[in-house]
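Step one of this worksheet: look at the structure below.
Residue numbers (my numbering): 12 to 382.
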């Protein structure tokens with residue numbers, strides 16, 4: 012029969028044997044929690060650095076500024092108690108494109124980068140080195156080396172609205188005529204509230220509301236076209252850039268309102284409008300990293316050069332062209348062809364309601380393309 016003393020001795024021996032195991036288990040648990048926290052910190056810091064870098068690149072198109080911003084924000088976020096230091100090799104600029112299956116593909120380099128890839132590392136050879144564990148020396152792992160990769164991309168767009176301001180745009184929306192007579196009482200007047208131009212202003216507002224609902228950074232410009240004309244003691248030019256590329260849609264609304272309060276006339280030189288619009292999208296105010304879109308609206312027939320030739324030149328420059336015809340008398344066939352050349356889409360509207368729907372759909376289409 013075993014005595015109490017012998018039983019106590021056995022328990023003490025068992026305790027001595029198990030104590031190191033318990034210490035190792037506790038130490039491993041502490042280190043496991045430490046590893047998970049550090050990995051979370053590294054993931055958060057790397058993600059944020061990539062997003063900030065992409066945001067600065069979107070705003071400035073300056074890779075050097077974007078790289079420095081990426082480094083600065085990473086350094087402000089602690090990983091294992093210290094800010095995350097990034098070397099130049101850990102920040103890669105490239106292009107990100109949406110694939111047919113909905114995924115995104117990143118390729119380093121490119122002439123117009125729109126994405127930033129950041130390699131967050133706490134490894135041997137990285138600036139900050141590997142991370143020490145608390146109890147790893149007891150179980151043969153004194154350090155661990157977490158790493159994480161993040162990619163942030165932006166898809167911005169530059170959009171130019173190329174709008175018909177020929178005399179017929181002052182006709183009432185109830186009219187199907189493609190031309191305005193010089194004897195029409197509206198001819199020497201500013202646009203009346205029931206005219207096609209006024210309906211266009213409302214439709215543009217619908218379009219801008221769709222753009223306002225996106226998180227992307229669209230820049231929009233307004234170009235109007237007609238022909239060189241002197242009538243009613245007023246001179247009108249063939250084309251005018253009524254608003255350069257701006258990021259404030261209210262500026263576009265103001266531009267449309269101002270045009271409604273002006274007197275103008277002329278024929279329908281669509282080709283000249285396309286050329287002027289192309290110059291805006293390729294000019295100094297355009298962003299090299301932005302997608303280029305042109306929206307051409309007319310209510311009639313072109314009266315000068317074939318606009319499809321100018322459209323081909325714009326398409327060759329990487330500009331996607333959408334066309335809208337407004338009124339039953341508009342030349343739908345040629346504008347459909349123009350949209351095909353520009354890899355875009357054609358819309359037709361016979362009345363203001365259909366015009367609103369066309370611009371609403373167009374705004375939604377562009378919003379989905381740039382998301």
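Note that the Cβ used here is the ideal one computed from N, Cα and C, for glycine as well. Remember, it's a predicted structure, so these values are computed and weren't measured experimentally.
Asked: C-beta contact flag for residue 292 and residue 318 at 8 Å; Found: no
Asked: N- and C-terminal bounds of the beta strand (DSSP E) containing residue 290; Found: Careful: residue 290 lies outside any beta strand (DSSP E), inside the alpha helix (DSSP H) at 281-292.
Asked: The segment 277-287 / the segment 150-170 touching (three or more Cβ pairs under 8 Å); Found: no
Asked: Beta-carbon contacts of residue 329 that lie in its chain and below 8 Å, excluding the five residues immediately before and after; Found: 303
Asked: For residue 375, the three-state DSSP class (helix, strand or coil); Found: helix
Asked: Beta-bridge partners of residue 229, as assigned by DSSP; Found: 168
Asked: Proximal residues to residue 119 (C-beta, below 6 Å), its chain only, five neighbours per side dropped; Found: 103 and 105
Asked: The segment 226-242 touching the segment 169-186, judged by at least three CB pairs closer than 8 Å; Found: yes
Asked: Presumed contact (8 Å Cβ cut-off) between residue 52 and residue 89, rounded CB distance; Found: 7 Å
Asked: Sub-8 Å separation of residue 360 and residue 332 beta-carbons; Found: no
Asked: Inter-stretch contact at 8 Å, needing at least 3 Cβ pairs: the segment 319-327 / the segment 188-196; Found: no
Asked: Through-space distance from residue 281 to residue 345, alpha-carbon basis; Found: 11 Å
Asked: Limits of the unbroken beta strand (DSSP E) element including residue 359; Found: 357-360
Asked: Rounded C-alpha distance that separates residue 266 from residue 93; Found: 51 Å
Asked: Neighbourhood of residue 85 by C-beta distance below 6 Å, restricted to the same chain and skipping five residues each side; Found: 56, 60, 95 and 97
Asked: Of the residues 352, 135, 143 and 310, the one placed nearest residue 237, counting alpha carbons only; Found: 310
Asked: Contact check, residue 264 vs residue 219, beta carbons under 8 Å; Found: yes
Asked: Contacting residues, own chain, Cβ-Cβ under 8 Å from residue 208 (five flanking each side not counted); Found: 176, 180, 181, 202, 270 and 271
Asked: Bridge partners - residue 126, DSSP secondary structure assignment; Found: 105 and 164
Asked: Counterpart residues of residue 119 in DSSP-defined beta bridges; Found: 105
Asked: Terminal residues of the beta strand (DSSP E) in which residue 307 lies; Found: 302-309
Asked: Residues near residue 240 by beta carbon distance below 6 Å, same chain, minus five either side; Found: 247, 276 and 277
Asked: Proximity of residue 160 and residue 108 at Cβ, strictly below 8 Å; Found: no
Asked: Chain-order list of residues whose beta-carbon lies under 7 Å from that of residue 312 (same chain, five-residue window excluded); Found: 189, 279 and 342
Asked: Environment of residue 370 [buried if 16+ CB atoms lie within 10 Å]; Found: buried
Asked: Secondary structure of residue 247, DSSP reduced to three states; Found: strand
Asked: Contact under 8 Å by Cβ, residue 58 with residue 214; Found: no
Asked: Close-in-space but distant-in-sequence residues of the same chain around residue 132 (CB under 6 Å, 5 per side omitted); Found: 158
Asked: Where residue 82 falls: helix, strand or coil (DSSP); Found: helix
Asked: Backbone secondary structure at residue 201 - three-state DSSP; Found: coil
Asked: For residue 47 and residue 74, the rounded distance between their alpha carbons; Found: 33 Å
Asked: Straight-line Cα distance separating residue 338 from residue 184; Found: 8 Å
Asked: Exposure label - residue 124; buried when at least 16 CB within 10 Å; Found: buried
Asked: Cβ-based neighbour list, residue 274, same chain, cut-off 6 Å, excluding 5 preceding and 5 following; Found: 201 and 245
Asked: Distance CB(residue 163)-CB(residue 64) smaller than 8 Å; Found: yes
Asked: Burial state of residue 300 (16 or more Cβ within 10 Å); Found: buried
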